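Q: Protein chains in written order, with the working numbering: chain V, 1 to 236; chain Z, 1 to 744; chain L, 1 to 81; chain H, 1 to 81.
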Amino acid sequence: MRFGIIVFPGSNCELDCRWVLENVLGQQTELVWHKETALGDYDCLILPGGFAHGDYLRTGAIARFSPVMAAVERHARRGGLVLGICNGFQVLCEAGLLPGALLRNTTMHFLCRQVHIRVETAATPFTNACTRGQVLRIPINHNEGRYYADEATVARLTANDQVVFRYVTAGGEPTEAANPNGSLQNIAGICNEGRNVLGLMPHPERAAEALLGSADGRLLFASVLRSARTASATPR
Amino acid sequence: MNAMVEPAVTDALIAAHSLTREEYDRVVVILGRAPTYTELGIFSVMWSEHCSYKSSKVHLQTFPTSGPRILQGPGENAGVVDLGDGLAAVFKVESHNHPSYIEPYQGAATGVGGIIRDIFTMGARPIALLDSLRFGPLHEARNRYLMGGVVGGISGYGNAVGVPTVGGEVLFADCYSHNPLVNVLCLGMAQADKLFFGRAGGIGNPVFYVGAKTGRDGIHGATMASETFDERSEERRPTVQVGDPFREKLLIEACLELMRTDALVGIQDMGAAGLTCSSCEMASRGGTGVEVDVRLVPRREEGMTPYEVMLSESQERMLLVARRGTEEVVRGIFARYDLDAVVVGRVTGDGLMRVRDGSRIVAEIPVKGLVAEAPVYRRPTVRPAWQDEVQRLDLDAIPLPRDYGAALCRLLASPSIACKATVWEQYDHMLFVNTVVGPGADAVVLRLKGAEGGIALAMDGNGRYTFLDPFIGGVIAVAEAARNVVVSGAEPVAVTNCLNFGDPTRPEIMWQFTEAVRGMAAACQALQTPVTGGNVSFYNETTGKAIFPTPIVGMLGVLGHISHATTPAWKAAGDLVVLLGESREDLGGSEYLQVCHGMIQGRPPTVDLETERRIQRCCLEAIRAGVVRSAHDCSEGGLAVALAEGCITDPDRPIGVEVSVPGMLRPDALLFGETQSRIVVSLREADLGRLQAIADRHGVPVTALGRTGGSRFVCRGRTYHIDLSLAVLDQAWRGSLSAFFRHR
Amino acid sequence: MRAKVYVTLKKGVLDPQGETVRSALETLGFGEVRDVRIGKFMVISLNDVPRDEARQRVEEMCKKLLANPVIEEYRFEVEEG
Amino acid sequence: MRAKVYVTLKKGVLDPQGETVRSALETLGFGEVRDVRIGKFMVISLNDVPRDEARQRVEEMCKKLLANPVIEEYRFEVEEG
Ligand SMILES: Nc1ncnc2c1ncn2[C@@H]1O[C@H](COP(=O)(O)OP(=O)(O)O)[C@@H](O)[C@H]1O
Ligand SMILES: [Mg+2]
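1. Under the criterion of a Cβ to heavy atom distance below 7 Å, does Ala-208/V qualify as lining ligand 4?
2. For Thr-62/Z, does the three-state DSSP call read helix, strand or coil?
3. Return the chain-ordered list of same chain residues with a C-beta closer than 7 Å to the C-beta of Glu-248/Z, the five sequence neighbours on each side being excluded.
4. Nearest chain H C-beta to Ile-85/V closer than 8 Å, yes or no?
5. Between the Cα of Gly-463/Z and those of Ala-78/Z, Cys-498/Z, Pro-492/Z and Gly-438/Z, spot the shortest distance and give me the residue it belongs to.
6. Determine which residues share a DSSP beta bridge with Met-318/Z and list them.
7. Please state whether DSSP places Trp-19/V in a helix, a strand or coil.
8. Return the CA-CA distance between Ala-228/V and Phe-3/V, expressed in angstroms with no decimal places.
9. In whole angstroms, what is the alpha-carbon distance linking Met-1/V and Asn-128/V?
10. Residues of the stretch 57–68 of chain V in Cβ contact with chain H at a cutoff of 7 Å, in chain order, please.
11. Quick one: which chain V residues come within Cβ less than 8 Å of Thr-8/L?
12. Thinking just about the alpha-carbon of each residue, which of Pro-654/Z, Val-517/Z and Cys-715/Z is nearest to the one in Phe-63/Z?
13. Quick one: is Glu-193/V buried, meaning 16 or more other Cβ sit within 10 Å of its Cβ, or exposed?
14. Buried or exposed for Pro-7/Z, going by 16 or more other Cβ atoms inside 10 Å?
15. Who are the Cβ neighbours of Glu-234/Z in its own chain at under 8 Å, not counting the five residues just before and after it?
16. Specify the secondary structure class of Gln-731/Z as computed by DSSP and reduced to three states.
17. Which class does Met-147/Z belong to by DSSP, given the choice of helix, strand or coil?
18. How many angstroms separate the CA atom of Ala-128/Z from the CA atom of Val-82/V?
19. Between Gly-588/Z and Leu-468/Z, what straight-line distance do the alpha-carbon atoms span, to the nearest angstrom?
20. At a Cβ cut of 8 Å, what residues of the stretch 38–66 of chain H count as close to chain V, listed as they run along the chain?
21. Of the residues Pro-298/Z, Glu-480/Z and Phe-172/Z, which one's Cα is nearest the Cα of Ile-417/Z?
22. Determine whether the Cβ of Leu-14/L lies closer than 8 Å to any Cβ atom of chain H.
23. Whose Cβ in chain H lies nearer than 8 Å to the Cβ of His-53/V?
24. Considering Cα atoms alone, identify which of Leu-138/Z, Val-342/Z and Ala-642/Z is closest to Val-487/Z.
25. Which residues, in order along the stretch 167–178 of chain V, keep a beta-carbon less than 7 Å from a beta-carbon of chain L?
26. At a CB-CB cut-off below 9 Å, which residues of chain Z make contact with Pro-9/V?
27. Measuring CB to CB, does Ile-38/L end up less than 8 Å from Val-13/L?
28. For Asn-205/Z, count neighbouring Cβ atoms within 10 angstroms of its own Cβ and tell me buried if that reaches 16, exposed if not.
29. Along chain Z, in chain order, which residues have C-beta atoms closer than 7 Å to that of Arg-206/V?
30. Would a C-beta distance cut-off of 8 Å place Leu-251/Z and Leu-370/Z closer than the cut-off?
31. Give the secondary structure of His-721/Z by DSSP, where H, G and I count as helix, E and B as strand, and everything else as coil.
32. Could you check the C-alpha separation between Arg-69/Z and Asp-193/Z for me, to the nearest Å?
33. Would Arg-718/Z be called buried (16 or more neighbouring beta carbons within 10 Å of its own) or exposed?
34. Hey, is the stretch 662–672 of chain Z in contact with the stretch 431–445 of chain Z, meaning 3+ C-beta pairs nearer than 8 Å?
35. On the criterion of 16 or more Cβ atoms from any shown chain inside 10 Å, does Trp-386/Z qualify as buried, or is it exposed?
36. Short of 7 Å in beta carbon distance, which residues of its chain neighbour Tyr-148/V, apart from the five on each side in sequence? Order them along the chain.
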């Protein structure tokens, strides 16, 4: 399967995503510089974590205007898979490919630590290898991870089963204490209506090898691979 | 100010440039005439303590600097260590104490930026940072402000520039209230056969200026770092620089990309004394001359004089020499990252540093004169009159604690010992997915992608020990750093260091310095860990009051196999807990004396380096043989604290312990004394025989203390008894620092 | 000419930074402070053009980049010189 | 009553954010933008007191906390209601 990893100036998790996809999961990846205007044909695009344009002004605010984003949008509209991790999630929100915005953590601190998130729906190409309600241990690493959207939007997300991950306790409870950044309703990740675009704040690529403390994050990539197989089985 | 009129060089002006009469006369001899204003500025920064090491040079030369693994010792931008498989580790530590006191956030941030540039200058990708910090007591709001700002700056810059801060240390003492220490270590990975050096070679080759534009930032920063603080420091504030981690990230990528071409001849970061220092150091190393035209330098501000352009310390700038004819290659790569890349001069054969302002020559100085002929001082030293006084310690006058459990909790809650999670959680410590053992253990352990092995890094330096006995303090800084690396499963191989001291023109300070260096050199010799580089920060004084002499050691270790990575936390209930080494009555200079008795007194524990070496060999062999499941050295707080940390450092798996500590010593010494060369390990009962055999071979005493298990910390002796729930220990240890910063 | 742009968080949106500053002010003895909201203040220097044209351009800048309508609102003034 | 506080970077102090926004605006076709400086805009609600007293208090707040004298300068207005 072919992954395109979009590299903005200031991105820094592109090599980690590449490492996991190639060395842990044996897939092909290419790094795509943000100034590209056309994309090769990729099964899945990844917008990695980091600090695109230094996070200046607002996270993702400037990156969304990068030349490559028009191609990313076309890929998404065509139903192609797009995974935004951390800063990538912030870019997707600014670009309008996902609803809402990510604001400064209520702790007023950058936070790098393991958290627990609960899979709220397995009905996405990114979670179909998980079971609904499954608790994953995956690290976060952000200063602006507080998910916000107006009530109507949040209601719609819930109604359409678009809330994909919530911050929970190790036991699976979405308590306030389990919410590291003040996100609305403990929301850690959402998908679009077409369910082919996912954004999440936690870093699955940092939890893909037991050696590093958790391999739960591998499930997201495994899901993508599985959905690709079923897709190719059923002719488009 | 009009670029054409420069102030006349008067005695007042010379003094303002902190050049002594003798130094000025030397300048006149070197030039064969009086210097111009610009030349005066250039000499003053190049001959500042910060750039010239004039007071420390002769002593640093006593460090062992060579060994089978050392590819590059002191003298370049950073040291280089051979890791095998064609891999090389590039590492160095740098201080930014003075700027961080003046503006904690930006001071610390630009310190991080500076040390990172030293590393990728060598052709290495920076993959890890460690920070060694010292502050005054946190009950003072000003110290909380300083610490919050410094940690914020390291977090803000380090995270955004994309280099994880994987470890470090923070210690607290009154003497740092008006002079905090901010030492940052950076590690990079390079191919051993693809290293780059700061040499200006090839007469006629173009000299490129790349990176951010030049403003009036930090002019005289270098001389500032070489002066004692006083009330007037406030006035120097405008020299503060602002860091731009985004631009530095682009600079890293652009330079590493350029290094994959064949265009690059030499490259050097613009750090202290900016364009001046970088250009003449490159010429000096290359045995050439350099000519630059300040008119061509990209600027951020109007009307800058040649003097300002040459001395500006604007951040995120590099100077590089390219092969003639490759100009377009260089410009192309930097354009891709939207960075300036401008030819500002060329390499010459005349051995001169020539600065033009268009057609006008504003400085013309023999490079040899600036660098090789810089003043070197063997400053007078005197053992302070008060040294005997602070070493005197009458144990009989010190009452035993009524409640040993309470004493233990006070130690665990002492900010120097307490959990530093509130600090390291603000740092991205996972980027590059190498962090096998992150902050919170004795050393950090990183895997080497594509290789079997890994590397370990620790930073250590106990200023209180060094204050009480500079020689022993120097020895322990090295020995403990090596021990921290060993208990993590690695073999210590090389050292970088940062020497933080007071005013070297005071004989007492200079004595502390020479003694500490003597101790460090002896330890590096004995432990076979050569010094590959470092940094000296003098004048850490405010209004005549010096900090504790504080040598900080950064130790690099190598793991043959990543599976050797070991942590302090117990791994399972029912394991045996064993002490390697012997406890003596070492209360002098201990955290216990300070925390429980308010005393900074006595002689710090002495170290027999042969014993130290044997215990380290023993522990490492036991780890490699898979005999021990956890290992933790005894440092601040002694055996009791080490045992408590074994129970609680793993937040997901607290495991209790039940031990009794045999011995004839007074109980507080037994529990809280800081005898060196001791390591606590835990192991399966079945493996005790194998451990014993290994220990016997190394002549290391083994004492079985007890067993892991349960949810309490139980420690019994003839005359004392501690029985505490892990929740209580955890609250004391984990809750302490965060309480000080709750309002934030 | 110059434009001064003020970008503030919308009413309903929580402002932890403002709240942190408020409580810090309180501990410093400024108990009279009831509430603090923190936004951005941008000063943009422009080549001289007729005022209305400048106004319209700055409006575009705000819509396109300077403010995010999901969470922020903006206001600006354009002045000569 | 309310105080509006404007905190800006001193002249000459590098503003990486402002410069990045400027070049972003340029690539978006706003070539007329010569320079961008980004500061803070704070709205502080206070219990009513005589204007002069309020002014003096806000001045103190700025000195003590709201602005960092090393690199920033401030300006403020106090208004009723
Ligand atoms: N400023 C810091 N940044 C990152 N990690 C830190 C910092 N200070 C302390 N730590 C971590 O806390 C742990 C304990 O530090 P320290 O008490 O110095 O250990 P030791 O006593 O073994 O030298 C270490 O793992 C260190 O990495
Ligand atoms: Mg230790």
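From the three backbone atoms N, C-alpha and C, an ideal C-beta is built for every residue, glycine too.
Keep in mind it's a predicted model, so treat the numbers as computed, not measured.
A: This is what the structure holds:
1. Ligand 4 is absent from the structure shown, which contains only ligand 1 and ligand 2.
2. The residue you call residue 62/Z lines up with position 62 of the second sequence. For Thr-62/Z, the three-state secondary structure derived from DSSP is coil.
3. One-based indexing of the second sequence puts residue 248/Z at position 248. If we look at Glu-248/Z and ignore the five residues flanking it on each side, its Cβ neighbours are Gly-113, Ile-116, Val-161 and Glu-316.
4. Residue numbering aside, residue 85/V sits at position 85 when the first sequence is read from its first letter. Answer no: the Cβ-Cβ gap between Ile-85/V and chain H never drops below 8 Å.
5. The count along the second sequence starts at 1 and reaches residue 463/Z at position 463. In this structure, Cys-498/Z is the residue among Ala-78/Z, Cys-498/Z, Pro-492/Z and Gly-438/Z with its C-alpha nearest to the C-alpha of Gly-463/Z.
6. Counted from its first residue, the second sequence places residue 318/Z at position 318. Answer is Val-210/Z and Asp-269/Z.
7. Position 19 of the first sequence, counted from the first residue, corresponds to residue 19/V. It is helical.
8. In the first sequence, the residue the question calls residue 228/V occupies position 228. In the first sequence, the residue the question calls residue 3/V occupies position 3. Between the C-alpha atoms of Ala-228/V and Phe-3/V there is a straight-line separation of about 11 Å.
9. Taking the first residue of the first sequence as position 1, residue 1/V is located at position 1. Taking the first residue of the first sequence as position 1, residue 128/V is located at position 128. Near 17 Å, if we compare the C-alpha coordinates of Asn-128/V and Met-1/V.
10. For the stretch 57–68 of chain V, the set of positions with a beta-carbon nearer than 7 Å to some beta-carbon of chain H reads Leu-57, Ile-62 and Phe-65 in chain order.
11. Along the third sequence, read from residue 1 onward, the residue named residue 8/L stands at position 8. Ordered by position in chain V, no residue passes the 8 Å Cβ test against Thr-8/L, which lies about 13 Å from the chain.
12. Here residue 63/Z corresponds to residue number 63 of the second sequence, with the count starting at 1. For Phe-63/Z, the nearest C-alpha among the options comes from Val-517/Z.
13. Locating residue 193/V in the first sequence gives position 193, where the first residue counts as 1. With fewer than 16 Cβ atoms within 10 Å of its Cβ, Glu-193/V is classed as exposed.
14. Within the second sequence, numbered from 1, the residue matching residue 7/Z stands at position 7. By the neighbour-count rule (16 or more Cβ atoms within 10 Å), Pro-7/Z is not buried but exposed.
15. Against the second sequence, residue 234/Z aligns to sequence position 234. Low confidence applies here, because Glu-234/Z scores a pLDDT of 43, under 50, leaving its location unreliable and the question unanswered by this model.
16. By 1-based counting over the second sequence, the position of residue 731/Z is 731. Secondary structure at Gln-731/Z: helix, using DSSP grouped into helix, strand and coil.
17. Counting from one through the second sequence, the residue named residue 147/Z turns up at place 147. DSSP, reduced to helix, strand and coil, places Met-147/Z within a helical segment of the structure shown.
18. Along the second sequence, one-based indexing puts residue 128/Z at 128. Along the first sequence, one-based indexing puts residue 82/V at 82. One C-alpha to the other measures close to 30 Å.
19. Walking along the second sequence from the start, residue 588/Z turns up at place 588. Walking along the second sequence from the start, residue 468/Z turns up at place 468. Cα to Cα, Gly-588/Z sits roughly 9 Å from Leu-468/Z.
20. Legend: CB atoms of the stretch 38–66 of chain H lying less than 8 Å from CB atoms of chain V belong to residues Ile-38.
21. Mapped onto the second sequence, residue 417/Z falls at position 417. Looking at the Cα atoms, Phe-172/Z is the closest of the given residues.
22. Mapped onto the third sequence, residue 14/L falls at position 14. No, because no Cβ of chain H sits closer than 8 Å to the Cβ of Leu-14/L.
23. Your numbering for residue 53/V matches position 53 in the first sequence. For His-53/V, the chain H residues whose Cβ falls inside 8 Å of its Cβ are Thr-20 and Ala-24, in order along the chain.
24. Translated into positions along the second sequence, residue 487/Z becomes position 487. Taking Val-487/Z as reference, the option from Leu-138/Z, Val-342/Z and Ala-642/Z with the minimal CA-CA separation is Ala-642/Z.
25. Taking 7 Å as the Cβ-Cβ cut-off against chain L, none of the residues of the stretch 167–178 of chain V qualify.
26. Here residue 9/V corresponds to residue number 9 of the first sequence, with the count starting at 1. Counting only Cβ-Cβ distances below 9 Å, Pro-9/V has contacts in chain Z at Phe-246, Lys-249, Leu-250, Glu-253, Tyr-337 and Asp-338, in chain order.
27. Along the third sequence, read from residue 1 onward, the residue named residue 38/L stands at position 38. Along the third sequence, read from residue 1 onward, the residue named residue 13/L stands at position 13. No, these two residues do not count as a Cβ contact at 8 Å.
28. Taking the second sequence and counting its residues from 1, one reaches residue 205/Z at position 205. The residue in question, Asn-205/Z, is buried, as its Cβ has 16 or more Cβ neighbours within 10 Å.
29. Indexing the first sequence from 1 puts residue 206/V at position 206. Around Arg-206/V, the beta-carbon contacts reaching into chain Z at under 7 Å are Met-430 and Val-433.
30. The count along the second sequence starts at 1 and reaches residue 251/Z at position 251. The count along the second sequence starts at 1 and reaches residue 370/Z at position 370. Cβ atoms of Leu-251/Z and Leu-370/Z: not closer than 8 Å.
31. For the purposes of this step, residue 721/Z is identified with residue 721 of the second sequence, where counting begins at 1. Under the three-state reduction of DSSP output, His-721/Z falls in the strand class.
32. Here residue 69/Z refers to the residue found at position 69 of the second sequence. Here residue 193/Z refers to the residue found at position 193 of the second sequence. Near 14 Å, if we compare the C-alpha coordinates of Asp-193/Z and Arg-69/Z.
33. Counting from 1 along the second sequence, the entry for residue 718/Z is found at position 718. Under the 10 Å beta carbon count, Arg-718/Z is surrounded by fewer than 16 other beta carbons and is classified as exposed.
34. In short, these stretches do not touch, since the Cβ pair count stays below three.
35. Looking up residue 386/Z in the second sequence gives position 386. Result: exposed.
36. Working through the first sequence from its first residue, we reach residue 148/V at position 148. In its chain, beyond the 5 residues on either side, Gly-100, Ala-101, Leu-103 and Leu-184 have a beta carbon closer than 7 Å to the beta carbon of Tyr-148/V.
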